[in-house]
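Chains as they are written, first to last, in the working numbering: chain A, -16 to 360; chain B, -16 to 360. By construction, the Cβ of each residue, glycine as well, lies at the ideal position given by its N, Cα and C atoms. None of these values were measured; they are calculated from a predicted model.
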């Protein structure tokens, strides 16, 4: 039986599906989907395509017009995954459009996560006589934009830490030997993390050892246009100038983070090839909190850390990791001197160690994937 | 539709179910179940209860007698999980009973794994005019007795290595702090490994750190009677004489394995409390291959290793582990000096590292369990 609630959920579900079409390409905006309904029929729908282009609500209204449904817009109901915007950004506020188009009812899922705007559209719309139903599939709608939700509140990136290791937590033998084979499914999942990220970060040892390209290799053209910034932690400015991240055609997307004490001549040379960011030390390593602040200011909403053991540990120990994605290969390396996926100084007390919640396990071929959120208390 | 094949499988499945009733208590014999059928009706059934008591076939025949079905036995079909025995052990060979009782047909699953007896019963029975159908659910029947199948061929124990660790492969912080919390389901699964094992092995550091009792805590009386031998690897004879495994009422089930160079006075004192086994060194550690030989001679079919990181690694590095059961708690300890679940010297080449097959993943509450077989090539 269809209740009003189930009908609302059905359209919000469709709006969620539409929103996801732009996953990874709207930053620094959230992904949003919208469906316009009149008398039980969809008269228009759309989603936010990318920053600078119209918001989902406007896309849905324009879609209705394109389909010859202009006359049906007044009195219709708009379903949208996120509370409509109430401020002027690159585009005028959507609440104005909703009111001007005489839309009768707005049903939305997630409340605007920006504490300055949260609930504001609801008030403006209600005051203008538009009916508002909020909180429909709120959790699902909110979880569409974990990075945006974090960044808009904290002004720092949402950190996803990805690592692939053996079942005993290692990534190479003591001699550094590693023949990593993860299956196609695991690789695809890992590549999708790059798609939803604005920047990827590794330590310089990873660059020296593997000379990775750290790019997003999407299949579709729209995806391959994804500009993924590359951040290399390199306190002593040891990065080889012939590294791929320094020399390839995306070098303008590379930032090497060095310490204030790094050799000036080396830094000068490096600056002719890529961006260099100087940071002070804190607790014996580059000040990651300051780095997060700077990346946040630079519109890095989602940061993917694919570091070696010490880089990974530095992020855990600085309590900066929000989500982990670990892949386990069905092998056991053994050895107290083998290369660990998470090394670092470690925590002095058991109570301080990161704990995981919302844990998802998934078998991917012979590999195992764990995807979870991180808590520090 | 019931085909003759599906009918055979149905009765073998019942025999498998019966066999499992004695899991963990028949050593050094395998678990075996049998069902006696006449004209589509079960006239008797049974399973091997424990070493020295009748085999499953005899139990089924006796059951038929008890139920007043003696007259129905001649001309019946017996379904049994394992090829009937053809040699005199503690009891006379079952093939004789089958022939004497004029049973018409024998259907069995697994072939006798002992290379000296394999297929012998089939020949004896066929020569005596009894119809034999073998290999019904062969894999399932064979997998009932992994430890027996290994021991009867190699004369050494089947080694199950169990460890509980964090997602980064650690068991304690660098300072040794560890507040291990695995859920009820994980604990029950781990306890069942003790049930199916004849001996449990740890390193002396585990005894010093945790003073464990290393007993099987079953619920039913028959299970609590389980005699689990306790093996402590202690090359330098450092075990405290007030340890639980030395002083409790099961001390006669404790064997401390020391090196030939261990302090003679300490060894003498220890020998007044528990069994002491002296072993030579090999590759810088106690000769585990020799230990396996001695335990095999002593009817240890299944050995459960619950060592710390170095004991675990020693078994992997000696290529002795047949099955691993790893539990992962949703935590990340970090730290290059944290205590590792698998430490040791490690392998020098990637090609030598143990690989897993037949991998089973299972979520147990918030913990993850991995149960798999180990390959070394």
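Alpha carbon of residue 130(B) to alpha carbon of residue 354(A), nearest angstrom:
Numbered from its first residue, the second chain carries residue 130(B) at position 147. Numbered from its first residue, the first chain carries residue 354(A) at position 371. Cα atoms of residue 130(B) and residue 354(A): separation of roughly 35 Å, rounded to the nearest angstrom.
Between 352(A), 359(A), 360(A), which has its C-alpha nearest residue 365(A)'s C-alpha?
Residue 365(A) lies beyond the stretch modelled for chain A, which goes from -16 to 360, so this question has no answer here.
Counterpart residues of residue 114(B) in DSSP-defined beta bridges
Stepping through the second chain from its first residue, residue 114(B) is reached at position 131. According to DSSP, residue pairing for residue 114(B) in a beta bridge involves 88(B).
What residue range does the beta strand (DSSP E) around residue 30(A) cover?
On the first chain, position 47 is the one that residue 30(A) refers to. First-last of the beta strand (DSSP E) with residue 30(A): 24 to 30.
Answer with yes or no whether the minimum CB distance from residue 315(B) to chain A is below 8 Å.
Within the second chain, numbered from 1, the residue matching residue 315(B) stands at position 332. So yes, residue 315(B) belongs to the interface.
Just curious, the beta strand (DSSP E) that residue 320(B) is in, first and last residue?
Stepping through the second chain from its first residue, residue 320(B) is reached at position 337. Taken as a continuous stretch (DSSP letters only), residue 320(B) belongs to no beta strand (DSSP E), as it is neither H nor E.
Less than 8 Å between the CB atoms is what I'm expecting for residue 63(A) and residue 39(A), so what's the real figure, rounded?
By 1-based counting over the first chain, the position of residue 63(A) is 80. By 1-based counting over the first chain, the position of residue 39(A) is 56. Their Cβ separation, rounded to whole angstroms, is 6 Å, which keeps residue 63(A) and residue 39(A) in contact under 8 Å.
Would you call the stretch 141 to 160 of chain A in contact with the stretch 315 to 325 of chain A, where contact means no fewer than 3 C-beta pairs closer than 8 Å?
Cβ pair count under 8 Å is three or more, so yes.
First and last residue of the alpha helix (DSSP H) that includes residue 44(B)?
Taking the second chain and counting its residues from 1, the one referred to as residue 44(B) is at position 61. Unbroken alpha helix (DSSP H) run through residue 44(B): 39 to 49.
Give me, in chain order, the residues of the same chain whose beta-carbon lies closer than 7 Å to that of residue 359(B); leave out the 5 immediate sequence neighbours on both sides.
One-based indexing of the second chain puts residue 359(B) at position 376. So the qualifying residues of the chain are 302, 337.
Taking residue 1(A) as part of the alpha helix (DSSP H), name the residues at either end of that continuous run.
Numbered from its first residue, the first chain carries residue 1(A) at position 18. Looking at the DSSP string, the run of the alpha helix (DSSP H) that includes residue 1(A) is -13 to 3.
Against chain A: residues of the stretch 160 to 171 of chain B by CB proximity under 9 Å:
Residues passing the 9 Å Cβ filter: 160, 161, 162.
Span of the beta strand (DSSP E) holding residue 306(B)?
Position 323 of the second chain holds residue 306(B). First-last of the beta strand (DSSP E) with residue 306(B): 306 to 312.
Within a Cβ cutoff of 7 Å, which residues of the same chain sit near residue 250(B), ignoring the five residues on either side of it in sequence?
Position 267 of the second chain, counted from the first residue, corresponds to residue 250(B). Non-local C-beta neighbours of residue 250(B) in its own chain, meaning closer than 7 Å and more than five positions away in sequence, comprise 220, 241, 259, ordered along the chain.
So is residue 301(B) in contact with chain A if we call contact Cβ pairs under 8 Å?
Residue mapping note: residue 301(B) aligns to position 318 of the second chain, counting from 1. Cβ-Cβ to chain A under 8 Å: no for residue 301(B).
Ignore the nearest five residues each way along the sequence and tell me which others in residue 256(A)'s own chain have a CB closer than 7 Å to its CB.
Translated into the one-based positions of the first chain, residue 256(A) becomes position 273. Excluding sequence neighbours, residue 256(A) sits near 224, 229, 234.
Looking only at its own chain, which residues have a Cβ that is under 7 Å from the Cβ of residue 194(B), when we skip the five neighbours before and after it?
Along the second chain, read from residue 1 onward, the residue named residue 194(B) stands at position 211. Result list for residue 194(B): 226, 227, in chain order.
For the beta strand (DSSP E) containing residue 288(A), name the first residue and the last one.
Taking the first residue of the first chain as 1, we reach residue 288(A) at position 305. Its beta strand (DSSP E) spans residues 285 to 288.
Could you check the C-alpha separation between residue 176(B) and residue 14(A) for me, to the nearest Å?
Sequence index remark: in the second chain, residue 176(B) carries index 193 (1-based). Sequence index remark: in the first chain, residue 14(A) carries index 31 (1-based). Answer to the nearest angstrom: the Cα atoms are 49 Å apart.
Where do the N-terminal and C-terminal ends of the alpha helix (DSSP H) with residue 360(A) fall, by residue?
Counting from one through the first chain, the residue named residue 360(A) turns up at place 377. Careful: residue 360(A) lies outside any alpha helix (DSSP H) and carries neither H nor E.
Under 7 Å between beta-carbons, which chain A residues line up against residue 325(B)? List them in chain order, please.
Along the second chain, read from residue 1 onward, the residue named residue 325(B) stands at position 342. Ordered by position in chain A, the residues that pass the 7 Å Cβ test against residue 325(B) are 151, 315, 317.
In the structure shown, what three-state DSSP assignment does residue 94(B) receive?
On the second chain, position 111 is the one that residue 94(B) refers to. Residue state, collapsed to three classes: coil.
Could you tell me whether the Cβ atoms of residue 184(A) and residue 120(A) are closer together than 8 Å?
Here residue 184(A) is taken as the residue at index 201 of the first chain, counted from 1. Here residue 120(A) is taken as the residue at index 137 of the first chain, counted from 1. No, they are not a contact pair.
Mind pulling the chain A residues with CB within less than 7 Å of residue 356(B)?
Numbered from its first residue, the second chain carries residue 356(B) at position 373. Result: empty, since nearest Cβ-Cβ is about 10 Å, beyond 7 Å.
Look up residue 235(A) in the DSSP assignment and say whether it is helix, strand or coil.
Counting from 1 along the first chain, the entry for residue 235(A) is found at position 252. Note: residue 235(A) maps to helix in three-state DSSP.
Quick one, which of 43(A), 65(A), 134(A), 67(A) has its alpha-carbon nearest residue 56(A)'s?
On the first chain, position 73 is the one that residue 56(A) refers to. If we check each option's Cα against that of residue 56(A), 43(A) comes out closest.
Under 9 Å (Cβ pairs) to chain A, residues found in the stretch 100 to 123 of chain B:
Listed in sequence order: no entries.
Where the alpha helix (DSSP H) containing residue 199(A) begins and where it ends:
Within the first chain, residue 199(A) is the residue found at index 216, counting from 1. Element bounds for residue 199(A): n/a, residue is neither H nor E.
Within this structure, are the beta carbons of residue 304(B) and residue 339(B) separated by less than 8 Å?
Within the second chain, numbered from 1, the residue matching residue 304(B) stands at position 321. Within the second chain, numbered from 1, the residue matching residue 339(B) stands at position 356. In this structure, residue 339(B) does not lie closer than 8 Å to residue 304(B) by Cβ.
Give the range of the beta strand (DSSP E) segment to which residue 20(B) is assigned.
Counted from its first residue, the second chain places residue 20(B) at position 37. Where residue 20(B) is concerned, the enclosing beta strand (DSSP E) starts and stops at 16 to 21.
As assigned by DSSP and simplified to three states, the class of residue 340(A)
Translated into positions along the first chain, residue 340(A) becomes position 357. Reduced to three states, the DSSP call for residue 340(A) is strand.
Which residues DSSP lists as bridging residue 364(A), in chain order:
Missing from the structure shown is residue 364(A); chain A here goes from -16 to 360 and no further.
How long is the line joining the alpha carbons of residue 264(A) and residue 297(A), rounded to whole angstroms?
Within the first chain, numbered from 1, the residue matching residue 264(A) stands at position 281. Within the first chain, numbered from 1, the residue matching residue 297(A) stands at position 314. Between residue 264(A) and residue 297(A), the C-alpha separation is close to 12 Å.
Nearest-angstrom Cα distance between residue 206(B) and residue 334(B)?
The residue you call residue 206(B) lines up with position 223 of the second chain. The residue you call residue 334(B) lines up with position 351 of the second chain. Residue confidence is low: residue 206(B) scores 48 on pLDDT, short of 50, so the model does not pin down where it sits. No coordinate-derived value is stated.
I'd like to confirm the pairing. Which residues does DSSP put opposite residue 146(B) in its beta bridges?
Residue mapping note: residue 146(B) aligns to position 163 of the second chain, counting from 1. Bridge partners of residue 146(B): 309(B).
Kindly give me the distance between the Cβ atoms of residue 188(A) and residue 291(A), rounded to whole angstroms, as I take these residues to be in contact under 8 Å.
Sequence index remark: in the first chain, residue 188(A) carries index 205 (1-based). Sequence index remark: in the first chain, residue 291(A) carries index 308 (1-based). About 5 Å separates the Cβ atoms of residue 188(A) and residue 291(A), confirming a contact at the 8 Å cut-off.
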